[in-house]
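Read the structure below first, then the notes.
In our numbering, the protein residues as written are 48 to 342.
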């Protein structure tokens with residue numbers, strides 16, 4: 048089948064031909080969840096961690112899990128999408144969205160027999176290495192999201208508004224602040240370095256429990272760096288030695304300026320640089336189980 052493929056409800060079809068019902072609850076209510084995998088040389092990274100978070104979100108929203116949340120099924124779908132789009136080399140992403148499905152519009156759940164909608168695509172990805180080398184800029188803005196940010200739902204309008212505010216200011220990211228406390232970025236987790244100690248907001252309902260967030264914490268501890276999952280305030284931001292963002296397509300991104308304040312020396316700091324190198328090594332090592340499963 049020529050051209051990029053999409054996976055929609057158990058079928059592979061040209062991406063340009065993939066269509067959804069106007070009654071789909073993801074479209075009408077934002078009633079669904081999603082995941083994004085980083086792909087290195089045809090191998091999705093941290094498959095199990097992303098699937099676990101996806102299964103958590105489905106359970107919290109009481110959406111029956113479709114077959115694609117099973118590891119072997121996901122790997123098979125990913126391999127077909129990557130191959131059809133000539134993405135077996137270099138870097139890419141896999142996007143997977145699951146909604147409650149198409150049903151007459153009512154605020155309560157539809158009948159139990161309603162079939163979830165499953166949609167997946169693969170895209171080329173180029174890491175922002177030039178930006179990483181010089182360091183990024185961020186702004187702060189009020190966190191206006193709901194109180195279940197630990198569920199990775201498709202309800203992203205507050206995140207979109209925050210990211211656009213950053214773009215309007217010529218910045219890379221918006222750091223979200225709730226009652227004076229930094230929670231996370233519009234699509235990243237936020238880390239600080241304070242006297243050699245790494246700090247980040249605890250994994251509760253106010254932030255998304257980032258897969259890369261946890262991996263960076265684990266890598267830091269393996270390097271004998273102290274990590275404290277303790278929140279910090281907007282007022283503290285300008286006092287830290289380093290700030291950096293973490294995410295699936297962000298990796299470890301140093302911040303050198305927030306609002307009108309320089310951070311640390313005004314250049315990427317040594318701990319962020321060390322952690323990015325460690326994460327890059329993990330990305331390049333990949334998950335060697337995939338080839339055996341998908342072959």
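We treat Cβ as the ideally placed atom computed from N, Cα and C, and that holds for glycine.
Beta-carbon spacing of residue i, residue j below 8 angstroms
{"i": "residue 182", "j": "residue 315", "result": "yes"}
{"i": "residue 326", "j": "residue 262", "result": "yes"}
{"i": "residue 81", "j": "residue 138", "result": "no"}
{"i": "residue 347", "j": "residue 248", "result": "Because the chain here runs from 48 to 342, residue 347 falls outside it and cannot be looked at."}
{"i": "residue 216", "j": "residue 186", "result": "yes"}
{"i": "residue 255", "j": "residue 210", "result": "no"}
{"i": "residue 90", "j": "residue 333", "result": "yes"}
{"i": "residue 237", "j": "residue 280", "result": "no"}
{"i": "residue 319", "j": "residue 299", "result": "yes"}
{"i": "residue 197", "j": "residue 224", "result": "no"}
{"i": "residue 86", "j": "residue 152", "result": "no"}
{"i": "residue 60", "j": "residue 67", "result": "no"}
{"i": "residue 220", "j": "residue 292", "result": "yes"}
N-terminal and C-terminal residue of the beta strand (DSSP E) that residue i is part of
{"i": "residue 170", "result": "164-171"}
{"i": "residue 298", "result": "298-305"}
{"i": "residue 220", "result": "220-225"}
{"i": "residue 184", "result": "183-189"}
{"i": "residue 192", "result": "Premise fails: residue 192 is in no beta strand (DSSP E) and is neither H nor E."}
{"i": "residue 291", "result": "289-294"}
Cβ-based burial, residue i [other Cβ within 10 Å; buried from 16]
{"i": "residue 251", "result": "exposed"}
{"i": "residue 270", "result": "exposed"}
{"i": "residue 84", "result": "buried"}
{"i": "residue 77", "result": "exposed"}
{"i": "residue 147", "result": "buried"}
{"i": "residue 258", "result": "buried"}
{"i": "residue 302", "result": "buried"}
{"i": "residue 345", "result": "No statement about residue 345 is possible, as the shown extent of the chain runs from 48 to 342 and does not include it."}
{"i": "residue 48", "result": "For residue 48, the predicted structure reports a pLDDT of 46, less than 50, and the residue's modelled location is therefore unreliable. A value from the coordinates is still provided. Residue 48 comes out exposed."}
{"i": "residue 128", "result": "buried"}
{"i": "residue 207", "result": "exposed"}
{"i": "residue 125", "result": "buried"}
Pairwise C-alpha distance: residue j and residue i
{"i": "residue 274", "j": "residue 290", "result": "14 angstroms"}
{"i": "residue 235", "j": "residue 134", "result": "25 angstroms"}
{"i": "residue 242", "j": "residue 158", "result": "55 angstroms"}
{"i": "residue 121", "j": "residue 156", "result": "26 angstroms"}
{"i": "residue 192", "j": "residue 162", "result": "28 angstroms"}
{"i": "residue 304", "j": "residue 226", "result": "22 angstroms"}
{"i": "residue 92", "j": "residue 98", "result": "11 angstroms"}
{"i": "residue 337", "j": "residue 168", "result": "Note that residue 337 scores a pLDDT of 44, beneath 50, so its modelled location is shaky; the value from the coordinates is reported in the next line. Cα to Cα, the separation comes out at about 18 angstroms."}
{"i": "residue 339", "j": "residue 132", "result": "Any reading at residue 339 must be qualified, since the residue scores a pLDDT of 39, below 50, and its modelled position is unreliable; the value itself is stated next. Approximately 21 angstroms between the Cα atoms of the pair."}
{"i": "residue 119", "j": "residue 172", "result": "24 angstroms"}
{"i": "residue 180", "j": "residue 317", "result": "12 angstroms"}
{"i": "residue 175", "j": "residue 266", "result": "21 angstroms"}
{"i": "residue 140", "j": "residue 272", "result": "30 angstroms"}
{"i": "residue 57", "j": "residue 165", "result": "8 angstroms"}
{"i": "residue 94", "j": "residue 184", "result": "30 angstroms"}
{"i": "residue 324", "j": "residue 311", "result": "20 angstroms"}
Where the alpha helix (DSSP H) containing residue i begins and where it ends
{"i": "residue 205", "result": "204-215"}
{"i": "residue 318", "result": "317-332"}
{"i": "residue 264", "result": "258-269"}
{"i": "residue 94", "result": "94-108"}
{"i": "residue 75", "result": "72-76"}
Residue i CB to nearest heavy atom of the ligand SAM below 7 angstroms
{"i": "residue 184", "result": "Of the ligands one can find in the structure shown there are none, so the ligand SAM has no counterpart to examine."}
For a minimum of 3 consecutive residues, which ranges assigned as the beta strand (DSSP E) are wholly contained in the segment 118-159? 138-146
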